[in-house]
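Sequence order for the protein chains is Z and R. Counting along the first sequence from 1, when you hit position 67 you're at 67 in our numbering, and nothing is skipped either side. Counting along the second sequence from 1, when you hit position 241 you're at 241 in our numbering, and nothing is skipped either side. Please read the structure below before turning to the comments.
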Amino acid sequence: MGEKEMSAYHRPVPNTWWLKRTPYVLFMLRELTSIFVAGYCVFLLILVYKLTQGADAYGNFIDALKSPSSIALHFITLAFVLYHTITWFNLTPKILVLYKGEEQIPKALVAGVFYTGWVVVSIVVALLVLGM
Amino acid sequence: MAETIKLEIFRYRPEKESEPTFLTYEVPFLEDWVVLDAINHIKDEIDGTLSYRWSCQMGVCGSCGVMINGVPKLSCAAFLKDYYPDKIRVEPLTGFPVERDLISQIDDFMTKLTKIQPYIIRKRGEEKPLDEGEYLQTPAELARFKPYSMCINCMLCYAACPVYALDSTFIGPAAIALGQRYNMDSRDHGRSARQELIASHEGIWECTFVGECSAVCPKDVDPAAAIQRAKVSSTVDWFKDVLIPWGKKK
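Here it is in structure tokens:
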């Protein structure tokens, strides 16, 4: 074994390995989305905290959110969160493998349930926010 | 003149060089040739010193896996016409040490495969004598694990896995998928014996679900799914242990 180990060539893995193929870039992008998801959760907590500080503090915070940079950041976050949701929903049927007898329940159907749930929740939230 | 295509081949001859080099060979381009045919042509007609593994030439033996333009593929299943007229770059499988030219050192995989115990384990005292015949199984029970049993140990999934390339202690896609194949087999009782390795840090928890192992698998085994499903069942085990510690089975 010793001699064999000595002669074998170990190829180094560069830090840029993930730039070499598109699937790896997309994977890294998916990993990156978690920062935006976590960031938005922190933002929502701050929003609730400001609410406890009284109407003025909350109002000022909401005004600050209307700045162009804040709106731009929200759009970027939205894009990443959408990418996060869609990639993970698409991966769900790999993990949630259901059978009816010998037949596997179609992957599209499993993912479809998640997408439907997403749409329903989004509609409910939209109705609440719009005060209908 | 007949059409030709160039192959840029990774060469490593430890007796004469300490670093690998690439040598370019020009071979005839034929519509029905795969990369393995071109490599065989080089070996037979141009440079007999080229070393590589191959056997069945029909995608069953799993010996001829190489990196073709950076993507792990069976060289017997990669057609030249899909790359023509561009040059094709052929390298040994990523993530493994290189023994010589296109030959990877696969001892690590073989050791891990053995450790995962990829065979039916029965509970002590529940093994039937041979004359009582086989353990029966319904088609529905077979369907649960059949896709995972199609693995040909070609190791393309390891070559596609950046986690394995960065940290070779990872048990890796094929070995875990094969463990899962037996765990899901209704005739098997060996899950707890495999669990120590599968649920270890070097096992399923090292996987970050890149998913490329499944994308490159020539047999549609979907090792990424096998690993994620093992994560779910290990998590369920953990919750059961914590919430109902008295319900522990021996």
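Each residue gets a CB set at the ideal place from its N, CA and C atoms; glycine is no exception.
Strand pairing of residue i, partner residues [DSSP]
{"i": "I103 of chain R", "result": "R:R100"}
{"i": "Q104 of chain Z", "result": "Z:Y99"}
{"i": "V90 of chain R", "result": "R:I9 and R:I68"}
{"i": "E26 of chain R", "result": "R:K6"}
{"i": "V34 of chain R", "result": "R:F79"}
{"i": "L74 of chain R", "result": "R:G65"}
Min CB distance residue i to chain Z below 8 Å
{"i": "L166 of chain R", "result": "yes"}
{"i": "P245 of chain R", "result": "no"}
{"i": "V66 of chain R", "result": "no"}
{"i": "P162 of chain R", "result": "yes"}
{"i": "R229 of chain R", "result": "yes"}
{"i": "V98 of chain R", "result": "yes"}
{"i": "P14 of chain R", "result": "yes"}
{"i": "A38 of chain R", "result": "no"}
{"i": "G172 of chain R", "result": "no"}
{"i": "V251 of chain R", "result": "For chain R, the structure presents residues 1 to 250; residue 251 of chain R sits outside this window and is missing."}
Test: residue i CB closer than 8 Å to a CB of chain R
{"i": "S7 of chain Z", "result": "yes"}
{"i": "I86 of chain Z", "result": "no"}
{"i": "P139 of chain Z", "result": "It is not possible to answer for residue 139 of chain Z, since the shown part of chain Z is limited to 1 through 132."}
{"i": "K20 of chain Z", "result": "yes"}
{"i": "K94 of chain Z", "result": "yes"}
{"i": "P23 of chain Z", "result": "yes"}
{"i": "G101 of chain Z", "result": "yes"}
{"i": "V97 of chain Z", "result": "yes"}
Per-residue DSSP class, three states only, for residue i
{"i": "M155 of chain R", "result": "coil"}
{"i": "V125 of chain Z", "result": "helix"}
{"i": "Y84 of chain R", "result": "coil"}
{"i": "E5 of chain Z", "result": "Confidence in E5 of chain Z is poor, its pLDDT being 49 and thus under 50, which makes the residue's placement too unreliable to answer from."}
{"i": "T21 of chain R", "result": "strand"}
{"i": "K250 of chain R", "result": "Annotation note: pLDDT 46 at K250 of chain R (below 50); position unreliable, no value reported."}
Residue i CB to nearest heavy atom of the ligand SAH below 7 Å
{"i": "T208 of chain R", "result": "Because no ligand of any kind appears in the structure shown, any question about the ligand SAH cannot be addressed here."}
Exercise for the section: Could you tell me whether the region 69 to 79 of chain R touches the region 34 to 54 of chain R, where touching means 3 or more Cβ pairs closer than 8 Å? Expected result: They touch, by the three-pair rule.
Practice task
Say whether the region 177 to 190 of chain R touches the region 42 to 50 of chain R, bearing in mind that this needs 3 or more beta-carbon pairs closer than 8 Å, one atom from each stretch.
Solution key: Because the criterion of three Cβ pairs below 8 Å is not met, the region 177 to 190 of chain R and the region 42 to 50 of chain R do not touch.
Practice task
Would you check if the region 24 to 37 of chain Z and the region 203 to 215 of chain R touch, i.e. whether three or more CB-CB distances between them fall below 8 Å?
Solution key: yes
Problem - Residues from the region 174 to 199 of chain R in contact with chain Z, defined by Cβ distance under 8 Å - result: Residues: none.
Practice task
Please name the residues in the region 14 to 32 of chain R whose beta-carbon is closer than 9 Å to at least one beta-carbon of chain Z, in chain order.
Solution key: P14, E15, S18, E19 and P20
Handout entry: Near-chain R residues of the region 24 to 49 of chain Z (beta-carbon distance less than 7 Å), N- to C-terminal order
Key = Flagged, chain order: Y24 and F27.
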